[in-house]
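**Student:** Before anything else, here's the structure in question.
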Amino acid sequence: MTDPRPSPAPAGAPAMVPSAGEARYPRFSSAEFARRFDAARAMMAREGVDILAVYGTSAIARHNQADVHYLSGFLGNRNNYVVLPPRGDPILFAQSHNHVPNAREVAGIETRWGGVSSARTVAQVVRASRGPGTLGYVGPVPVHDYLAWRGELPGWELRDVTGPFRRLRLRKSAEELEWLRRGAALTDAAITHLIDNVTPGMREYELGALVEEAALRGGGLPHLAYISSTPQNASDVCVPRQNLSDRTIQPGDVINTEISASCWGYSGQLHRPIFVRTEPNPLYRTLWDVALEAYTRCCAVLRAGATTEDVLDAAEVIHARGLTINDGLLHGFGIGLLPPSVRTRRTVQEPHAPFVFEQDMCVVVQPNVV
Numbered sequence: 001m002t003d004p005r006p007s008p009a010p011a012g013a014p015a016m017v018p019s020a021g022e023a024r025y026p027r028f029s030s031a032e033f034a035r036r037f038d039a040a041r042a043m044m045a046r047e048g049v050d051i052l053a054v055y056g057t058s059a060i061a062r063h064n065q066a067d068v069h070y071l072s073g074f075l076g077n078r079n080n081y082v083v084l085p086p087r088g089d090p091i092l093f094a095q096s097h098n099h100v101p102n103a104r105e106v107a108g109i110e111t112r113w114g115g116v117s118s119a120r121t122v123a124q125v126v127r128a129s130r131g132p133g134t135l136g137y138v139g140p141v142p143v144h145d146y147l148a149w150r151g152e153l154p155g156w157e158l159r160d161v162t163g164p165f166r167r168l169r170l171r172k173s174a175e176e177l178e179w180l181r182r183g184a185a186l187t188d189a190a191i192t193h194l195i196d197n198v199t200p201g202m203r204e205y206e207l208g209a210l211v212e213e214a215a216l217r218g219g220g221l222p223h224l225a226y227i228s229s230t231p232q233n234a235s236d237v238c239v240p241r242q243n244l245s246d247r248t249i250q251p252g253d254v255i256n257t258e259i260s261a262s263c264w265g266y267s268g269q270l271h272r273p274i275f276v277r278t279e280p281n282p283l284y285r286t287l288w289d290v291a292l293e294a295y296t297r298c299c300a301v302l303r304a305g306a307t308t309e310d311v312l313d314a315a316e317v318i319h320a321r322g323l324t325i326n327d328g329l330l331h332g333f334g335i336g337l338l339p340p341s342v343r344t345r346r347t348v349q350e351p352h353a354p355f356v357f358e359q360d361m362c363v364v365v366q367p368n369v370v
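Residue numbering for the sequence shown follows full-length UniProt numbering, beginning at 1 and increasing consecutively.
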């Protein structure tokens with residue numbers, strides 16, 4: 001079996017298993033949370049918002065809790081809110097009563113049960129904070145929650161500030177960068193474990209178990225284990241499956257992967273083909289060579305002050321070689337998907353203004369060449 005392995009993790013890469021006497025869960029420092037609260041309140045002032053309600057859901061392996069996590073450190077399994085007043089401490093409202101004890105162990109802020117309706121509980125806190133004003137909300141707030149606020153908060157304006165809030169998350173702090181490095185090391189370990197243990201006769205879904213086992217054994221969390229298998233000489237699938245099948249792995253297969261493991265939400269990401277007891281055939285070798293060339297060119301232009309136009313220029317090599325892509329080319333990352341979202345000039349669905357990259361942003365470059 002041949003594979004393009006990830007680079008080894010740096011020597012001394014930290015494990016996410018706390019030693020005796022340490023906290024049971026990793027947590028950002030008080031100074032890091034204070035920085036985030038200050039940034040959020042500055043955004044509130046700019047947007048004319050008097051109090052902020054941040055919503056999260058457990059979709060995409062809990063990564064749709066990213067906004068809640070940013071202010072609380074909690075990745076929940078239900079719909080949760082954080083309320084941030086202009087002064088004083090924020091409050092995390094966990095939806096399920098039996099989830100509150102663990103939320104209090106994990107979160108870095110005051111945590112309460114959200115009650116039968118977290119939206120109404122949030123409205124009570126908002127109403128008690130001051131007279132009518134502007135409630136800013138972040139995230140895909142369910143319509144019934146929004147309507148509950150309309151009924152519970154007469155005289156209040158409701159304003160969507162998801163975009164401005166998420167822009168706060170684009171540039172990573174030193175602590176966030178360290179967590180991303182840990183997530184990258186966990187992701188390397190996950191795909192290495194898959195490569196070392198996949199054998200003909202296994203079912204495709206067993207490969208996902210290998211990925212998740214490595215993430216959990218490393219003290220991290222599984223995020224993505226998208227995997228598809230097909231004979232490389234008679235390929236009938238070109239993207240990794242989000243739902244793994246019971247297909248039996250055979251010699252001569254190519255296994256396409258999209259793998260992420262996280263340090264409590266801060267993930268690495270790898271897209272790698274694995275060839276089972278065979279070398280890549282000429283077509284797959286060409287696809288790999290063009291993908292690697294595009295990846296290298298895109299990474300070479302990424303720097304503070306560069307724009308997505310520079311990335312689009314670099315990606316033109318894909319089309320110059322007579323190929324195209326079947327997914328995004330580049331996206332912001334950590335936690336979850338962030339701006340920008342870039343395809344290529346010939347595959348873009350609608351034009352967008354150039355995006356300027358800044359120091360300490362994190363992106364995934366993924367030329368899925370077909």
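We put the CB at the ideal spot given by N, CA and C, even for glycine.
Going by beta carbon distance, what residues of the same chain come within less than 7 Å of Arg27, once the five residues before and after it are set aside?
**Tutor:** Cβ neighbours of Arg27 beyond the five flanking positions: Gly73 and Gly108.
**Student:** So, is Ser267 buried or exposed, given that buried needs 16 or more other C-beta atoms within 10 angstroms?
**Tutor:** buried
**Student:** Mapping DSSP to helix, strand and coil, what is Ala261?
**Tutor:** strand
**Student:** Give the secondary structure of Gly330 by DSSP, where H, G and I count as helix, E and B as strand, and everything else as coil.
**Tutor:** According to the sequence shown, residue 330 is Leu rather than Gly. Leu330 falls in the strand class under three-state DSSP.
**Student:** Below 8 Å between beta carbons: does that hold for residue 374 and Ile259?
**Tutor:** A question about residue 374 goes unanswered here, because the residues of the chain that appear run from 1 up to 370.
**Student:** Which residue's Cα is closest to the Cα of Pro354: Arg62, Ser118 and Thr307?
**Tutor:** Thr307
**Student:** Among Ile51, Val370, Ser341 and Arg46, which one has its Cα closest to the Cα of His352?
**Tutor:** Ser341
**Student:** Do Asp89 and Glu105 count as a contact pair if the criterion is CB distance below 8 Å?
**Tutor:** no
**Student:** Excluding the 5 residues flanking His63 on each side, which residues of the same chain have their C-beta closer than 6 Å to its C-beta?
**Tutor:** Ile335 and Gly336
**Student:** For Tyr25, which beta-bridge partners are listed by DSSP?
**Tutor:** Partner(s): none; Tyr25 has no beta bridge.
**Student:** Under 8 Å between the Cβ atoms of Cys71 and Arg36?
**Tutor:** Looking at the sequence provided, one finds Leu at residue 71 rather than Cys. In this structure, the beta-carbon distance from Leu71 to Arg36 falls below 8 Å.
**Student:** Could you have a look at Met202 and say whether DSSP puts it in helix, strand or coil?
**Tutor:** coil
**Student:** Could you check which residue in Cys298, Thr199 and Val138 has the C-alpha nearest to that of Arg277?
**Tutor:** Thr199
**Student:** For His352, which three-state DSSP category applies?
**Tutor:** coil
**Student:** Among Leu75, Glu178, Pro367 and Asn79, which has the Cα closest to the Cα of Val239?
**Tutor:** Pro367
**Student:** Quick one: is Thr344 buried, meaning 16 or more other Cβ sit within 10 Å of its Cβ, or exposed?
**Tutor:** Around the CB of Thr344, 16 or more other CB atoms lie within 10 Å, so the residue is classed as buried.
**Student:** Thinking C-alpha only, which one of His271, Leu302 and Val290 is nearest Arg321?
**Tutor:** Val290
**Student:** For Ile249, does the three-state DSSP call read helix, strand or coil?
**Tutor:** In the structure shown, Ile249 falls within a coil segment according to DSSP collapsed to helix, strand and coil.
**Student:** Note down the Cα distance separating Asp246 from Leu207, rounded to an integer number of angstroms.
**Tutor:** 10 Å
**Student:** Once the 5 residues before and after Gly201 are set aside, which same chain residues still bring their CB inside 7 Å of it?
**Tutor:** Thr248 and Ile249
**Student:** I'd like the list of long-range same chain contacts for Gly131, defined as Cβ closer than 6 Å, with 5 residues on each side in sequence excluded.
**Tutor:** none
**Student:** Taking Glu157 as the reference, give the member of Gly219, Asp50 and Val311 with the closest Cα.
**Tutor:** Asp50
**Student:** For Leu135, count neighbouring C-beta atoms within 10 Å of its own C-beta (all shown protein chains included) and say buried if the count is 16 or more, exposed if not.
**Tutor:** With 16 or more other Cβ atoms within 10 Å, it is buried.
**Student:** With DSSP collapsed to three states, give me the class of Asp38.
**Tutor:** helix
**Student:** Does the stretch 159-166 come close enough to the stretch 31-46 that 3 or more CB-CB pairs lie under 8 Å?
**Tutor:** yes
**Student:** Looking at Val54: is its Cβ nearer than 8 Å to the Cβ of Tyr25?
**Tutor:** no
**Student:** Which of helix, strand or coil does DSSP assign to Val141?
**Tutor:** coil
**Student:** How far does the beta strand (DSSP E) with Arg285 in it extend, from its first residue to its last?
**Tutor:** Premise fails: Arg285 lies in the alpha helix (DSSP H), Pro282 to Val301, not in any beta strand (DSSP E).
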